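Engineer: Going by full-length UniProt numbering, the sequence shown opens with residue 1, and the numbers climb by one from there.
Input: one structure, supplied below.
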Amino acid sequence: MISKWAQRFYQMAELVGSWSKDPSTQVGAVITKQNRIVSVGFNGYPHGISDSAMTDDREMKYLKTLHAEENAILFAKRDLDGCEIWVTHFPCPNCAAKIIQTGISAVHCPEQTQDFLSRWGDKIKVSQEMFLQAGVKVNWLPLDDLEQIDHAN
Numbered sequence: 001m002i003s004k005w006a007q008r009f010y011q012m013a014e015l016v017g018s019w020s021k022d023p024s025t026q027v028g029a030v031i032t033k034q035n036r037i038v039s040v041g042f043n044g045y046p047h048g049i050s051d052s053a054m055t056d057d058r059e060m061k062y063l064k065t066l067h068a069e070e071n072a073i074l075f076a077k078r079d080l081d082g083c084e085i086w087v088t089h090f091p092c093p094n095c096a097a098k099i100i101q102t103g104i105s106a107v108h109c110p111e112q113t114q115d116f117l118s119r120w121g122d123k124i125k126v127s128q129e130m131f132l133q134a135g136v137k138v139n140w141l142p143l144d145d146l147e148q149i150d151h152a153n
């Protein structure tokens with residue numbers, strides 16, 4: 001069973017992810033230190049850039065979009081050494097590099113579904129190897145525990 005803090009921070013990552021205007025994938029990230037929130041982020045276009053799904057095809061969307069982890073790191077505007085990050089989806093290699101470079105010490109994310117692994121498994125392996133080499137702890141949150149959170153509230 002995951003801790004009450006883990007429940008809270010994961011729920012917050014889900015809430016923040018829901019702020020994304022992306023119609024297909026909404027991702028949230030929460031950076032914490034000693035059970036205090038340092039920053040939050042969601043996937044979306046940079047400030048001031050029109051983010052209409054109607055005007056951009058999928059390829060253009062990928063080029064313009066900042067990932068949730070990137071936004072959380074940028075919004076923090078402070079040293080993140082020793083912080084932890086809670087994410088709704090496992091970080092891609094580019095975000096993993098940024099997480100490592102900022103000194104974040106742990107990544108918490110739900111266990112990945114077969115559907116997610118079938119699409120992103122190769123990138124997940126790269127990110128996992130990067131975290132392992134850099135000494136960043138990865139904490140997989142059991143899906144059963146996360147489903148209980150949804151039903152309990």
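Where is the CB? At the ideal position from N, CA and C, for every residue including glycine.
Quantities reported herein were computed from a predicted structural model and do not represent experimental measurements.
Tell me the DSSP secondary structure of Val-16 in three-state form.
Structural biologist: Helix at Val-16.
Engineer: For Ser-118, which of helix, strand or coil comes out of DSSP?
Structural biologist: Correct three-state label for Ser-118: helix.
Engineer: To the nearest angstrom, how far is the alpha carbon of Ile-37 from that of Lys-4?
Structural biologist: The straight-line gap from Cα to Cα measures roughly 15 Å.
Engineer: Using the three-state DSSP reduction, which class does Leu-66 fall into: helix, strand or coil?
Structural biologist: Here Leu-66 sits in strand by DSSP.
Engineer: Quick one: what's Gly-41 bridged to in DSSP?
Structural biologist: Note: Gly-41 sits in a beta bridge opposite Ala-29.
Engineer: Determine, using beta carbons only, whether Ala-72 and Val-107 come nearer to each other than 7 Å.
Structural biologist: No. Outside cutoff.
Engineer: I'd like the span of the alpha helix (DSSP H) that includes Asn-35, first residue to last.
Structural biologist: Counting along the chain, Asn-35 falls outside any alpha helix (DSSP H), and DSSP gives it neither H nor E.
Engineer: Would you mind reading off the limits of the alpha helix (DSSP H) that contains Pro-46?
Structural biologist: Looking at the DSSP string, Pro-46 is not in any alpha helix (DSSP H), and its letter there is neither H nor E.
Engineer: Whose C-alpha, out of Trp-19, Glu-14, Val-138 and Gln-114, is nearest the C-alpha of Pro-91?
Structural biologist: Cα-wise, what sits closest to Pro-91 is Val-138.
Engineer: For a test of the three-state rule: what should DSSP assign to Ile-85, helix, strand or coil?
Structural biologist: If DSSP states are grouped into helix, strand and coil, Ile-85 belongs with the strands.
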